[in-house]
Structures are given as C-alpha cells and as structure tokens.
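A quick write-up on the structure given underneath.
Printed below as a string of structure tokens:
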C-alpha cells in the first residue's frame, strides 16, 4: 500500500518538481564524481572505465533505476534505513552488472560502480535540501560544465 499524503493539485506538482530537481542534482553529483574518477584513471589505464558514456550511465540508466527503486520503496511497507540502503545497493549492483554482462567487459566492476552510483543517488536525496541553491547548481550547471570540458 502506498504511504503518501493527500495534496492539493498545485502542491502535488510542486512536490513532484522538487523530487525531479533533487534527482537531477543527485545525477549532477554522480556525474561530477565519475568524471573526476575517469580523468584520474585515464592517467593509469588506457581503456575506459565504463563500456558506455558517463551521460548514458548516470542520466539514462541509473536515474531511471533510482526512480524505480524509490517507487518500490514507496509501494512496500516502510523499511528501516539499513534495509533500504541494502535494497538500493543490491539494485545498483544488479543494474550495473547486467548493463555489460553481454558486452565482454568485466560485469562485476560495472556492478560495483553501479552500486556506488545508486548510493550517491540515495545519499544525495538525504543530504540535499529542498530549497537550496546547491541543488540548482548541481542539477543544471555542473552537467553543462562537465559536458563542455
């Protein structure tokens, strides 16, 4: 059973907009950190870390996986923080593993990176405040700056 408050239509739209803005900000955090890791790792290895581009990894796959995990957590009985972190970590590993399982790359490493990406989405949701300037910067400016570099 879904545990939600009953909002008037305008407040529901604002709530959904804040949720999406928070997801974009979490994607900005993950995109920035994965870009930094990629830049550092390119000095040591010549092969890319992930088999797909970072934009597809963060915004195409793991933002959708994060939304699905939020929906599952909202539909089932309320979890403790530890159980929800375990569920999100497992989901991140599974999604990361199966993104490259047929691609010939190392799926276990992609699973670990997927686990980290999902945890960034989870902790970003808890750390970022609703009406913060940091949320706007992470949601809109960081991805544009990272893409232009």
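Residue numbers (my numbering): 1280 to 1428. Glycine included, C-beta positions come from ideal geometry on N, C-alpha and C.
- Counting of Cβ neighbours within 10 angstroms places residue 1362 among the exposed residues, the total staying below 16.
- Nearest to residue 1373 by alpha-carbon distance, out of 1340, 1414, 1412 and 1404, is 1340.
- Per the Cβ contact rule, the stretch 1283-1303 is in contact with the stretch 1412-1420 (3 or more Cβ pairs under 8 Å).
- By the criterion of a C-beta distance shorter than 6 Å, residue 1422 is surrounded in its chain by 1307 and 1310, once the five residues flanking it on both sides are discounted.
- Taking the Cα of residue 1327 as reference, the smallest distance to any Cα among 1392, 1369 and 1366 is reached at 1392.
- Note that the C-beta distance between residue 1399 and residue 1333 is not below 8 Å.
- For the options 1424, 1428 and 1375, the alpha carbon positioned closest to that of residue 1396 is the one of 1375.
- Put simply, of 1405, 1364, 1337 and 1359 the residue whose alpha carbon is nearest the alpha carbon of residue 1348 is 1364.
- Cβ-Cβ separation between residue 1389 and residue 1329: approximately 7 Å, consistent with a contact (criterion under 8 Å).
- If you look at residue 1361, you'll find it in the alpha helix (DSSP H) that goes 1360-1378.
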